[in-house]
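In my numbering, the protein residues as written are 31 to 490. Glycine is no exception: its CB is placed at the ideal position from the N, C-alpha and C atoms. This structure is a prediction, so every number in the text was calculated from the model and none was measured.
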Amino acid sequence: MSARAVVDDRPSGTALIRDAGLLRRHAAGGLRYTSYPTADSFTTDVSDEDLTAALARSNAGGQGLSLYVHVPFCRQSCHHCACTRVTAENTRRAEPYLSRLDREMVLTSRHLDGAREIMQLHWGGGTPTFLTLDQMSDLIDRLDARFGLSGSRQRDYSIKVDPREADVFTLRHLQALGFNRLSLSVLDLDPRVQRAINRHQPRVLTEQLIDEAHRLGFRSLGLELIHGLPRQTRESFAETLEQVIAMAPARLSLFHYDHRPERFTAQRRIQAEELPPRGEQLAIIDTALARLADAGYVHIGMELFARPEDPLAAAQARGLLSRNLNGYSALAPCDHLGLGVGAQSRLGGIATRNPMALDDYEARLDAGQLPVERGRRLTDDDRLRARAIERLMCDMRLDLAALGQEFGLDAGAHLSDALARLASAERDGLVKRRGQRLEVTPTGRLLVHRLAAAFDARAV
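Next up, the structure:
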């Protein structure tokens with residue numbers, strides 16, 4: 031087979047990859063580009079005083095505010111995990127952590143306009159549903175007291191749910207707290223794969239929660255799967271996918287497992303020889319893309335698929351899809367504030383990240399400081415590249431002429447380095463260039479984050 035990727039473009043808008051070298055050359059993993067610049071370019075030059083000034087500037091920007099709350103606790107350690115989390119032996123720290131979260135809210139909210147509407151809220155982790163019902167209620171009450179949560183039917187309030195840590199009473203409680211979207215971690219339904227990653231999760235648990243979520247009328251339900259896990263095969267993953275599609279989620283995420291045991295301690299428990307070979311990984315992806323297309327899912331981009339009636343698909347069709355630190359959104363772009371250990375913020379012309387270590391996070395708050403560990407002041411070039419990356423990943427196209435008009439410059443000339451780096455992707459059929467327009471092909475949607483990396487001068 032030639033070095034050029036061979037792809038089979040399907041009428042459904044999904045393409046099958048016929049060249050195993052394609053994923054090797056462009057890497058299925060890599061930076062996710064929920065925002066640009068990414069945290070790996072942050073430095074220690076940004077302080078809590080810089081964030082305080084940025085919060086004040088954010089008030090004058092006229093945008094809404096998105097909140098992310100990181101709840102790092104898990105009942106047990108899954109071997110595949112790369113999250114910022116605290117496992118069961120330290121769960122006694124949950125209450126002190128919630129107190130520190132409230133302290134961070136108090137310090138932050140002092141510098142924010144209380145009239146700003148919180149249209150987006152997401153709890154991630156870890157496992158947010160590790161918290162007791164009373165703790166979840168208390169956390170929502172504190173968020174509302176400090177920032178003022180929205181009662182709008184258009185709000186997007188989501189939470190990551192582990193089916194092993196939740197039941198029907200949990201879902202009813204979450205609905206009463208104002209959450210209207212759920213993201214359930216499924217990963218894989220094959221018992222052999224579950225044993226390999228130390229995550230026992232019977233199918234019936236997931237089905238019961240999904241049935242109850244549908245009955246309660248949650249606006250949107252998303253399921254998360256991971257391909258490339260140990261002991262996974264094309265046949266086993268196809269069976270998982272069939273079962274998941276039968277559950278009829280509005281959204282489905284198909285994440286790639288990135289095996290980096292040198293960085294993530296938990297992954298050292300995974301046997302490298304049990305990981306599917308590259309050819310098998312390719313077959314798994316092809317099978318998943320074909321089956322999701324046949325089931326009517328729209329490939330929004332990267333790992334995310336949605337039913338045509340989902341707000342994300344509708345927003346993308348109208349050119350109104352946006353992307354922030356929580357991922358794709360059908361709502362208008364807004365400033366983003368992250369709360370908790372390892373959380374990131376982007377507002378008022380800077381990007382920041384809280385300490386990744388729980389002890390460091392708590393120590394800064396105990397000293398009366400906003401817990402900023404690293405960050406970056408955004409330049410005009412950062413803003414231009416961020417805009418290019420966002421539009422490419424949301425629209426699956428980029429109009430350089432329109433981008434240049436927005437920023438008052440020749441975007442093609444300014445981004446000539448990025449366009450040159452896209453040459454190999456163009457040869458491989460991931461992107462097409464027609465004058466001042468770039469268009470991502472159906473195959474390129476799966477690797478659009480790698481196309482976006484071409485616009486990041488520090489990532490290549």
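Using the rule of at least 16 other Cβ atoms within 10 Å of the residue's Cβ for burial, across every protein chain shown, is ALA118 buried or exposed?
Residue numbering aside, residue 118 sits at position 88 when the sequence shown is read from its first letter. Unreliable placement is indicated for ALA118, whose pLDDT of 48 sits below 50; the coordinate value is still reported in the next sentence. The residue in question, ALA118, is exposed, as its Cβ has fewer than 16 Cβ neighbours within 10 Å.
Does the separation of the CB atoms of ALA226 and ARG261 fall below 7 angstroms?
Position 196 of the sequence shown, counted from the start, is the residue given in the question as residue 226. Position 231 of the sequence shown, counted from the start, is the residue given in the question as residue 261. Yes, they are a contact pair.
Looking at the structure shown, is ALA50 part of a helix, part of a strand, or coil, going by DSSP?
Counted from its first residue, the sequence shown places residue 50 at position 20. Any reading at ALA50 must be qualified, since the residue scores a pLDDT of 49, below 50, and its modelled position is unreliable; the value itself is stated next. In the structure shown, the three-state DSSP call for ALA50 is helix.
Please work out which residues of its chain come closer than 6 angstroms, Cβ to Cβ, to GLU420, disregarding the five sequence neighbours upstream and downstream, and give them in chain order.
Within the sequence shown, the letter at position 390 stands for residue 420. Cβ contact annotation for GLU420 (same chain, cutoff 6 angstroms, sequence separation greater than five): ARG353, in chain order.
Taking 7 angstroms as the threshold (C-beta atoms), are MET149 and ARG185 in contact?
Here residue 185 refers to the residue found at position 155 when the sequence shown is read from its first residue. Here residue 149 refers to the residue found at position 119 when the sequence shown is read from its first residue. Yes, these two residues count as a Cβ contact at 7 angstroms.
Alpha carbon to alpha carbon, how far is SER236 from THR382?
The residue you call residue 236 lines up with position 206 of the sequence shown. The residue you call residue 382 lines up with position 352 of the sequence shown. Looking at the sequence shown, residue 236 is not Ser but Thr. Distance between the alpha carbons of THR236 and THR382 is about 36 angstroms.
Nearest to GLY465 by alpha carbon, out of GLY442, ALA453, LEU477?
Mapped onto the sequence shown, residue 465 falls at position 435. Distance check between GLY465 and each of GLY442, ALA453, LEU477 places GLY442 closest, using alpha-carbon atoms only.
Nearest-angstrom Cα distance between ALA484 and ARG451?
Indexing the sequence shown from 1 puts residue 484 at position 454. Indexing the sequence shown from 1 puts residue 451 at position 421. Going by C-alpha positions, ALA484 is about 6 angstroms away from ARG451.
3-residue-minimum beta strand (DSSP E) runs that sit fully inside the region 366–390, ordered along the chain
Here the runs fully enclosed are 374–377, 380–383.
Rounded separation between ALA278 and PRO102 - CA only:
For this step, residue 278 is matched to residue 248 along the sequence shown. For this step, residue 102 is matched to residue 72 along the sequence shown. Roughly 29 angstroms between the two C-alpha positions.
DSSP on GLY23, reduced to helix/strand/coil?
Outside the displayed span of the chain (31 to 490) sits residue 23, for which this structure offers no information.
In terms of DSSP beta bridges, what is SER188 paired with?
Translated into the one-based positions of the sequence shown, residue 188 becomes position 158. Answer is HIS152, ARG211, bridged to SER188.
Does the region 257–274 touch the region 308–315, meaning 3 or more C-beta pairs lie closer than 8 angstroms?
Using a Cβ-Cβ distance cut-off of 8 angstroms, the region 308–315 and the region 257–274 are in contact, since at least three pairs of beta carbons, one from each stretch, lie closer than that value.
Counting pairs of beta carbons, one from the region 329–349 and one from the region 366–377, are three or more of them closer than 8 angstroms?
In short, these stretches do not touch, since the Cβ pair count stays below three.
Assuming ARG415 contacts ASP486 (C-beta within less than 8 angstroms), just tell me the rounded distance between them.
By one-based count along the sequence shown, residue 415 stands at place 385. By one-based count along the sequence shown, residue 486 stands at place 456. Contact holds; Cβ gap of about 7 angstroms.
Backbone CA spacing between LEU367 and LEU137 [nearest angstrom]
The residue labelled residue 367 in the question sits at position 337 within the sequence shown. The residue labelled residue 137 in the question sits at position 107 within the sequence shown. The alpha-carbon atoms of LEU367 and LEU137 are separated by roughly 13 angstroms.
Compute the distance between the beta-carbons of GLU147 and GLY92, then report whether it is under 7 angstroms.
Within the sequence shown, the letter at position 117 stands for residue 147. Within the sequence shown, the letter at position 62 stands for residue 92. Taking C-beta atoms as the reference points, GLU147 and GLY92 fail to come closer than 7 angstroms.
Starting from the Cα of GLY156, find the closest Cα among VAL191, ALA84, LEU128 and give me that residue.
The count along the sequence shown starts at 1 and reaches residue 156 at position 126. If we check each option's Cα against that of GLY156, VAL191 comes out closest.
Tell whether a beta-carbon distance below 7 angstroms holds between HIS230 and GLY154.
The residue labelled residue 230 in the question sits at position 200 within the sequence shown. The residue labelled residue 154 in the question sits at position 124 within the sequence shown. No, Cβ-Cβ distance for HIS230 and GLY154 is not below 7 angstroms.
Just checking my contact of MET423 with TYR63 at CB under 8 angstroms: how many whole Å lie between their CB atoms?
Stepping through the sequence shown from its first residue, residue 423 is reached at position 393. Stepping through the sequence shown from its first residue, residue 63 is reached at position 33. Contact flag correct, Cβ pair sits at about 6 angstroms.
Using only the alpha-carbon positions, how far apart do THR74 and ARG404 sit?
For this step, residue 74 is matched to residue 44 along the sequence shown. For this step, residue 404 is matched to residue 374 along the sequence shown. Between the C-alpha atoms of THR74 and ARG404 there is a straight-line separation of about 5 angstroms.
Using a Cβ-Cβ cut-off of 6 angstroms (strictly less than) and excluding sequence neighbours within five positions of HIS152, which residues of its own chain qualify?
Within the sequence shown, numbered from 1, the residue matching residue 152 stands at position 122. Within the same chain, HIS152 has close Cβ partners TYR98, SER188, ASN356.
Write down the C-beta distance between LEU201 and LEU239 rounded to the nearest angstrom, noting that I regard them as a contact closer than 8 angstroms.
Counted from its first residue, the sequence shown places residue 201 at position 171. Counted from its first residue, the sequence shown places residue 239 at position 209. About 7 angstroms; that satisfies the 8 angstroms criterion.
Quick check: the Cα distance between PRO338 and VAL328, rounded to an integer number of angstroms?
Taking the first residue of the sequence shown as 1, we reach residue 338 at position 308. Taking the first residue of the sequence shown as 1, we reach residue 328 at position 298. The straight-line gap from Cα to Cα measures roughly 6 angstroms.
Please list, in chain order, all residues of the same chain as HIS257 whose beta carbon is under 8 angstroms from its beta carbon, the five residues on each side excluded.
What you label residue 257 is simply residue 227 of the sequence shown in a count that begins at 1. Excluding residues within five positions, the ones whose Cβ falls inside 8 angstroms are PHE267, LEU284, PHE285, HIS286, TYR287, GLN311, ILE314, ILE315, ALA318.
Can you list, in chain order, the stretches of the alpha helix (DSSP H) that have 4 or more residues and sit fully within the region 230–318?
DSSP runs (the alpha helix (DSSP H)) wholly in the region 230–318: 233–246, 264–276.
Spatial neighbours of GLU469 within its chain, please: C-beta separation below 6 angstroms, excluding the five flanking residues on both sides.
Against the sequence shown, residue 469 aligns to sequence position 439. So the qualifying residues of the chain are ARG427, LYS462.
Short check: CB of ALA336 to CB of ALA360, under 7 angstroms?
Residue mapping note: residue 336 aligns to position 306 of the sequence shown, counting from 1. Residue mapping note: residue 360 aligns to position 330 of the sequence shown, counting from 1. No, they are not a contact pair.
Three-way DSSP call (helix, strand, coil) for ALA206 in this model
Locating residue 206 in the sequence shown gives position 176, where the first residue counts as 1. Looking at ALA206 - three-state DSSP - the assignment turns out to be helix.
Quickly, what does DSSP pair ASP429 with across the bridge? List them, please.
Here residue 429 refers to the residue found at position 399 when the sequence shown is read from its first residue. Partner(s): ARG467.
Looking only at C-alpha atoms, which of PRO306, SER454, ARG467, ALA455 sits nearest to ALA431?
If you number the sequence shown from 1, residue 431 lands on position 401. If we check each option's Cα against that of ALA431, ARG467 comes out closest.
Once DSSP output is grouped into helix, strand and coil, what is the label at THR473?
To locate residue 473, count along the sequence shown from 1; it is residue 443. In the structure shown, THR473 sits in a helix (DSSP, three-state: H, G or I).
According to DSSP, is ARG62 part of a helix, a strand, or is it coil?
Position 32 of the sequence shown holds residue 62. Assigned with DSSP and collapsed to three states, ARG62 falls in coil, not helix or strand.
With respect to the alpha helix (DSSP H) encompassing ASN89, which residues constitute its N-terminal and C-terminal limits?
Taking the first residue of the sequence shown as position 1, residue 89 is located at position 59. Looking at the DSSP string, the run of the alpha helix (DSSP H) that includes ASN89 is 78–89.
Span of the beta strand (DSSP E), counted from its first residue to its last, around HIS100:
By one-based count along the sequence shown, residue 100 stands at place 70. Note, HIS100: beta strand (DSSP E), 95–101.
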